[in-house]
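A short write-up of the structure that comes next.
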Amino acid sequence: MLTEVHVPDDVSAAVRLIAGGATAIGGGTSVLPWLNDYASPPTELVSLRRTGLAGIRVDGQTVELGAATTLAQVEHDERLADLNAVVRSIASTPVRTLATVGGNLFARQPHGDLAVALVALDARVTLVDDTGSRELSVEELGDQPSGLVTTVTFERPQPGTFKYVKAARRRYNSASLVTVAATVTESDGIVTGARVALGGVGPRVIRAHAVEAALVGQPLTVETVRAAGEAGRGEIEPADDAYASAWYRTRVFPVHLRRALLGR
Amino acid sequence: MTLLYGRGYASVNYPTGMNLGGDPSQALIHATTMGGFVISLSSVDLGQGLKTVVAQCAAETLGMPMEQIIVDTADTDTGPHCMGTFASRGTHRVGNAVIMAAREAREVMLQVAADELEVDAGDLETDGSGYVRLKGSPAKQIHISDIALAAHFKQGKSISGRGMFLKERSYPVPETGEMDPDSCQAHACTVADVEVDDETGVVTVLRLHNTYEIGRALNPAMATQQVEGGAWMGVSHAIFESTEPYYPASRAHGPVDFSEYLMPGSGEIPEQTSVILERPASNGPFGAKGIGEMTANAPIPAIANAIFDACGVRLTTMPFTPESVLRGLDALRDGEPVA
Amino acid sequence: MPLRIVNVKVNGVDQAFMAKPDTTLLLALREQLGLMGAKRGCAQGACGSCTVLLDGAPVVSCLVPAATIDGAAVATVEGLADGQELNDVQQAFVDGFATQCGFCTPGMIMSAEALLARNPDPTADEVNEAISGNVCRCTGYAPIVSAILEAARRRRDRAGTAEQEATR
Amino acid sequence: MARIDTEYFRDERASDFKVIGTAVQRSDALGHVTGRTEFMEDRTFPNLAHLKIHRSSHHHALINDVDYSEALKVPGVLRVITYKDVPENWYGVLRLIGIGPDDEPVLAEDRVLYKGEPIVAVVADSEAAALEGASKVKVTYTELKAVLDVEEAMLPDTPVFKRAGTNYFVYEGHHARRIRFGDVEAGFAEADHIFEWRYSSAPIEHAPTETTGCIVVPQSGGRLLIHSNTQAAFFTLDNTALTLKRPFTDLQVKGGTVGGGFGGKVDVMVEPLACIAAAMTNRPVKFVYSREEEMQVSSPRAAERIYIKDGVMNDGRIIARKIMLYVDAGAYARHSPYGATKAAAHLPGPYTIPNVYADCHCVYTNRTPSSAMRGFGVTIADFAIESQMDQVARALHIDPLEFRLRNAYRDGDMKAHRKVASGTALIEVIQRTAELVGHELPEEYRAMSSSTPRGAGA
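Protein chains in written order, with UniProt numbering: chain L, 1 to 264; chain H, 1 to 339; chain F, 1 to 168; chain S, 1 to 458.
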């Protein structure tokens with residue numbers, strides 16, 4: 001049962017409330033559906049709406065997203081061309097107006113496609129609790145860190161190096177079957193660096209180390225990507241759900257990996 | 001990746017009214033002092049437009065304009081019994097009851113008018129604009145507001161009517177199934193064009209070409225809403241919907257909301273071309289048959305047949321998910337997946 | 001349970017209501033302000049029947065805790081018509097037979113308003129994306145998409161005419 | 001707007017209407033676009049109480065104990081309702097017209113037959129308190145084996161879980177609704193080809209945008225006014241009165257504006273409990289399904305399994321068709337016995353076949369009871385029949401439309417349920433669709449007509 005909704009005016013107040021056991025919400029799009037329709041233990045929410053955490057700063061190649069920045073803000077910011085397609089693949093317009101960058105980091109799979117992209121971009125977060133603040137990577141963040149994510153920071157990828165495909169049951173507003181986000185750098189036709197993150201195919205965002213290892217040092221061809229897909233099958237942990245079976249996700253994962261990396 | 005294209009066919013019929021009949025509906029109609037006609041029903045409009053279509057039936061029968069008709073429905077204290085809105089029965093049953101009630105009211109209306117005009121009621125006609133006039137001498141006419149005032153305050157007559165439609169209940173012969181189940185049958189034929197992604201099994205329904213025979217399109221715009229909305233539901237049933245995605249083996253993973261319960265969004269809808277034929281039913285209101293349910297039916301097998309045409313996979317289990325298509329394609333490829 | 005006074009401007013009019021912690025914007029509109037246009041189709045943000053504009057942007061009002069929006073502006077379907085005169089989107093929905101049961105219609109119209117405010121000349125596919133959060137179970141969507149495109153055209157025509165008159 | 005082709009049935013459709021046949025604007029459109037249309041939940045009442053359900057967590061189990069003491073301690077909870085508070089707890093939706101058994105409890109008594117079956121209703125000042133209260137009800141069970149397959153349910157060694165003694169509905173002494181027409185075995189013996197395939201479907205939800213619900217308001221004179229989004233006002237009134245054991249005149253149902261039904265709002269599931277709660281508390285009570293209840297607990301379109309065996313001649317005439325059809329009714333009958341009979345009446349599809357044999361089974365399993373949905377009995381049968389038609393046509397290398405036209409029923413033909421066909425138009429919708437897509441039909445097929453008796457002319 002929802003017992004209080006705090007709307008603090010600054011981060012430190014929010015952090016104090018969270019330390020006291022309250023739950024932070026960005027847009028509330030993950031938490032409210034549950035609170036509306038199901039019995040729940042006494043719950044206090046902390047809205048980040050007035051904490052000043054909504055904002056996008058671009059400084060050279062560095063992008064800083066406030067945790068309360070909405071997906072709609074990202075969608076409509078021309079400086080974030082690579083992320084536009086990512087956020088447009090998430091939910092629907094009236095949900096993206098509410099849903100936030102910070103909230104998406106904790107969306108349960110097969111949701112949370114922005115988090116998949118942020119892992120591929122090697123993004124880092126600032127986590128603030130009542131003892132201070134620290135920085136860690138999105139990948140290290142885990143499901144329930146203590147404290148409040150205040151910002152997400154990443155370096156803009158070189159043009160053409162960021163790849164993203166989300167396979168879903170519908171064109172718009174559908175959870176992921178397989179999400180592939182990757183940054184791939186090449187030199188003289190050979191992959192020199194690859195960072196591949198996967199959504200929809202496990203209980204959390206998966207950093208596809210085996211896929212990366214299979215790609216680095218190889219030319220980006222149908223054959224090498226197929227081999228990388230085979231390697232990746234060992235590190236995904238898909239489950240059955242209402243959208244598709246684990247079998248199906250495993251079966252089409254290499255297809256979507258190839259479509260993401262080669263564009264066809 | 002290869003996109004495979006195919007075309008499939010299906011033709012169906014569909015019965016009007018509750019199976020075996022025995023499903024009555026009633027209507028009452030009365031004129032107000034100024035010549036409005038109130039139709040009292042207990043019938044339910046689910047969004048198919050029942051309120052509008054029964055008003056049309058009353059207006060046509062009374063010979064009055066639509067503006068004169070008021071529909072008051074779905075209150076069991078004020079409206080007479082109606083079995084309900086299901087079984088493609090609303091337009092047929094309630095339409096018939098309203099026509100019967102309106103005929104009775106029209107007779108009184110013409111008699112009151114005849115007495116006011118001092119002519120024979122049999123020589124009167126309605127012009128559809130609100131006037132009752134003498135056949136052949138249109139100048140001799142009286143407006144419905146004057147007729148109603150005269151009925152109420154001068155002649156002391158109630159311009160009203162009662163309507164009832166019942167198809168007598170049929171009882172099937174247990175041994176043979178001999179029965180009289182329906183009032184009439186509507187018809188449909190659908191040709192579906194689909195695209196199949198041979199790597200993912202994803203089916204896209206590109207086009208539906210449909211012909212519907214519906215007896216009479218009482219309101220062609222609303223008939224179009226019914227057939228096109230219904231065909232969309234057929235597409236949705238065919239390629240998306242289930243409350244039990246792993247039926248019957250497992251009851252798990254039943255969708256609980258509109259995120260999980262998949263239906264085509266407007267980004268997935270096929271282009272629809274629809275043609276309507278009219279072969280009026282002798283027992284239908286102005287010949288109309290019930291069409292609310294039929295329209296979802298033909299697209300489903302048409303899509304199944306189109307998928308086979310496209311890729312050689314025969315799907316015999318609904319819904320036709322990407323997984324079922326892909327498993328079929330893999331089987332055709334001797335279990336050799338292509339990626 | 002703590003009650004909070006929330007001030008909002010709804011359809012241009014200043015309003016205040018008392019919110020409990022579990023009062024969502026949807027419930028506040030319906031139960032405190034008497035505006036029944038936004039519907040509860042799921043309370044999970046997944047049907048779009050409750051779509052309204054919050055500070056000009058479309059939101060599923062069932063997921064917005066009312067306590068968080070003090071000082072905000074809310075626009076609902078009730079505020080669109082000018083007296084008896086429907087606005088372009090409403091009129092196009094009527095003309096195009098784009099409603100059946102009508103339960104999704106207010107949310108659908110508000111999503112369309114949000115789109116046209118941002119993009120006066122959308123493509124059909126941009127309309128598809130804009131209404132992808134609004135479930136309709138009756139129409140098959142095609143008449144809705146057509147109505148929104150028609151409304152956009154009428155609105156552009158009128159804006160063009162107004163511009164011509166202004167420069168005359 | 002769809003085109004009306006006036007060339008077909010030109011003489012029969014001739015008319016002189018003023019209003020009929022015109023695209024009159026919908027009378028409800030203005031209300032819809034302005035938000036003024038009043039749906040069930042758009043009425044507010046002071047002092048409104050809310051009802052929520054504690055549901056079974058097992059597919060099939062005995063109930064050992066129900067403890068609702070913690071629910072009563074939740075602040076705001078007013079009353080807890082169990083089966084003992086329901087005057088006539090056993091219910092069958094078509095009992096007024098004598099179809100089907102009263103086989104379903106309003107609230108579970110000693111056992112549950114499906115996951116999600118209602119056991120206890122909790123009435124509270126607020127929706128949140130009612131949810132909280134319902135979650136605090138403790139039920140202890142002895143789990144029993146669940147039967148989840150229709151054919152398995154009918155096997156002799158499968159445990160019978162229905163009170164009536166069979167896991168299927170009995171039609172006047174038969175295990176299925178039968179169609180027996182001609183001699184199907186003789187037809188198969190005579191046929192040049194035999195084709196047999198199996199078809200099946202999974203349950204489907206109506207998914208109306210407005211969930212099922214009602215608000216019951218006690219009136220000053222003691223009557224109960226039910227604001228409902230039922231598809232059938234009197235259906236709801238009659239069945240509710242029977243459950244309450246109150247005179248029909250004690251109740252009034254108002255509704256008529258519904259946010260989509262599709263057959264999902266004819267089971268009378270919410271009104272009886274809301275009435276009991278309103279009478280107990282003397283307050284207006286709202287009972288509206290959550291979206292999850294609508295998706296998983298309200299009855300779906302039944303899953304079906306259909307076997308079709310055809311005997312076909314080289315020239316494409318189907319001379320025998322045998323159909324074994326299984327409707328998965330779930331745990332209780334609701335409208336499914338009716339639906340299986342409707343399926344039987346529809347067989348063998350819109351084709352004239354001299355020998356037809358069908359058994360349409362209404363089978364119980366431990367899943368959410370299925371019931372009415374847009375075209376039930378027919379929709380899935382059509383999927384099977386028309387897939388079968390396609391498979392047979394392909395096997396015999398006959399054009400799919402020509403194959404259908406050869407077998408299409410016409411005026412004067414005897415249907416398998418022994419009613420003479422009239423007003424048929426299958427031939428014409430096929431011909432017109434062929435024209436629409438440029439599918440060329442030979443002259444003899446273009447010349448066919450539904451009103452020309454079979455054998456005459458072409």
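Positions of the beta carbon are idealized from the N, C-alpha and C atoms, including for glycine. In this text the structure is predicted, and so the values were computed from the model without any measurement.
At least one CB of chain L closer than 7 Å to the CB of Glu-428/S: is that the case? Judged by the 7 Å Cβ criterion, Glu-428/S is not in contact with chain L.
Along chain L, which residues have their Cβ under 8 Å away from the Cβ of Ala-130/F? Think of a sphere of 8 Å around the beta carbon of Ala-130/F: the chain L residues whose beta carbon falls inside it are Thr-93, in chain order.
Taking the alpha-carbon positions, what's the Lys-18/S to Glu-60/H distance? One alpha carbon belongs to Lys-18/S, the other to Glu-60/H, and they sit about 6 Å apart.
Using a Cβ cut-off of 7 Å, pull out every chain S residue sitting near Asp-22/F, in sequence order please. Result: Ala-128.
Report all residues from its chain with a CB closer than 8 Å to the CB of Arg-204/L; omit the five preceding and five following residues, and keep chain order. Around Arg-204/L: Gln-109 and Asp-143.
C-beta neighbour in chain H for Tyr-248/L, strict 7 Å: By this cut-off, Tyr-248/L is an interface position.
Below 8 Å, how does it come out for the region 213-233 of chain L and the region 246-256 of chain L: are there three or more Cβ pairs, yes or no? Yes, the region 213-233 of chain L touches the region 246-256 of chain L.
Endpoints, the alpha helix (DSSP H) within which Tyr-131/H is located: From DSSP, Tyr-131/H is part of no alpha helix (DSSP H) but of the beta strand (DSSP E) over 131-134.
Taking DSSP as the reference, what is the three-state secondary structure of Arg-195/L? Strand, per DSSP.
Where Asp-67/S sits in the DSSP three-state scheme: In this structure, Asp-67/S counts as strand in the three-state DSSP scheme.
Is Ala-458/S helix, strand or coil by DSSP? The pLDDT assigned to Ala-458/S is 41, lower than 50, so where the model puts this residue is not dependable, and the model offers no usable value.
Distance between Ile-18/L and Glu-135/L (C-alpha atoms, nearest Å): The alpha-carbon of Glu-135/L is positioned some 18 Å away from that of Ile-18/L.
Range of the contiguous beta strand (DSSP E) that encloses Cys-275/S: That residue, Cys-275/S, is in no beta strand (DSSP E); its alpha helix (DSSP H) goes 271-281.
Please report the distance separating the alpha-carbon of Gly-349/S from that of Ile-323/S. Their backbone Cα atoms lie some 11 Å apart in a straight line.
If you follow the beta strand (DSSP E) that His-30/H is in, where does it begin and where does it stop? Segment 25-31, the beta strand (DSSP E) holding His-30/H.
Three-state secondary structure (DSSP) at Val-46/L? Val-46/L: strand per DSSP, three-state reduction.
Of the residues that make up the region 31-45 of chain F, which ones have a beta carbon closer than 7 Å to any beta carbon in chain L? Taking 7 Å as the Cβ-Cβ cut-off against chain L, the residues of the region 31-45 of chain F that qualify are Ala-43, Gln-44 and Gly-45.
Note the first and the last residue of the continuous beta strand (DSSP E) segment covering Gln-15/F. Its beta strand (DSSP E) spans residues 13-19.
Using a Cβ distance threshold of 8 Å, determine whether the region 104-111 of chain F contacts the region 124-141 of chain F, with at least three qualifying pairs required. At 8 Å Cβ cutoff, the stretches touch.
The region 176-184 of chain L contacting the region 94-108 of chain L, beta-carbon criterion three pairs below 8 Å: No: the two stretches stay apart, fewer than three of their Cβ pairs being nearer than 8 Å.
Please report the distance separating the alpha-carbon of Asp-198/H from that of Asp-72/H. If I take the Cα positions, the gap works out to 55 Å.
With DSSP as the reference, identify every bridge partner of Asn-13/H, one or two as the case may be. Paired residues: His-187/H.
Roughly how many whole angstroms lie between the Cα atoms of Gly-173/S and Ile-63/S? Across the structure, Gly-173/S and Ile-63/S are spaced so that their CA atoms are roughly 32 Å apart.
Three-pair Cβ contact test at 8 Å for the region 387-401 of chain S versus the region 290-305 of chain H: Between the region 387-401 of chain S and the region 290-305 of chain H there are three or more C-beta pairs closer than 8 Å, enough to call the two in contact.
Identify which residue in Glu-44/L, Ala-242/L, Gly-103/L and Val-119/L has its Cα closest to the Cα of Thr-69/L. Nearest of Glu-44/L, Ala-242/L, Gly-103/L and Val-119/L to Thr-69/L, Cα basis: Gly-103/L.
So Met-83/H and Ser-25/H are supposed to be a Cβ contact under 8 Å. How far apart are they, rounded? With a Cβ gap of about 6 Å, Met-83/H and Ser-25/H count as contacting.
Does the region 171-189 of chain S come close enough to the region 166-184 of chain H that 3 or more CB-CB pairs lie under 8 Å? Contact annotation: the region 166-184 of chain H touches the region 171-189 of chain S, with at least three C-beta pairs closer than 8 Å.
Residue of Gln-100/F, Val-52/F, Asn-119/F and Arg-155/F minimising C-alpha distance to Leu-30/S: Nearest of Gln-100/F, Val-52/F, Asn-119/F and Arg-155/F to Leu-30/S, Cα basis: Gln-100/F.
If you reduce the DSSP assignment to three classes, tell me which class Phe-320/H lands in. Of the three classes helix, strand and coil, the one that applies to Phe-320/H here is coil, per DSSP.
In the DSSP output, which residue or residues are listed as bridge partners for Thr-249/S? Residue pairing by DSSP places Thr-249/S opposite no residue, since no beta bridge is assigned to it.
So which residues of chain L does Pro-65/H contact, with C-beta pairs closer than 9 Å? The premise fails here: Pro-65/H is roughly 42 Å from chain L at the closest Cβ pair, so nothing lies under 9 Å.
Sequence-distant residues of its chain with Cβ nearer than 6 Å to Leu-215/L (five each side left out): So the qualifying residues of the chain are Val-191, Ala-194 and Ala-228.
Boundaries of the alpha helix (DSSP H) in which Arg-156/F is found, first to last residue: Taken as a continuous stretch (DSSP letters only), the alpha helix (DSSP H) holding Arg-156/F covers 142-167.
Cβ-Cβ separation, Thr-209/S to Arg-158/F (assumed contact under 8 Å), whole Å: The beta-carbon distance between Arg-158/F and Thr-209/S, rounded to whole angstroms, is 31 Å. This is too long to meet the 8 Å contact definition.
State the DSSP-derived secondary structure class of Ala-339/H, mapped to helix, strand or coil. At Ala-339/H, the pLDDT of 49 sits below 50, so the modelled position is not reliable and the matter cannot be decided from this model.
Give, in chain order, every residue of the region 265-282 of chain H whose Cβ lies closer than 8 Å to some Cβ of chain S. Per Cβ criterion, the list reads Thr-273, Ser-274, Val-275, Ile-276, Leu-277, Glu-278, Arg-279, Pro-280, Ala-281 and Ser-282.
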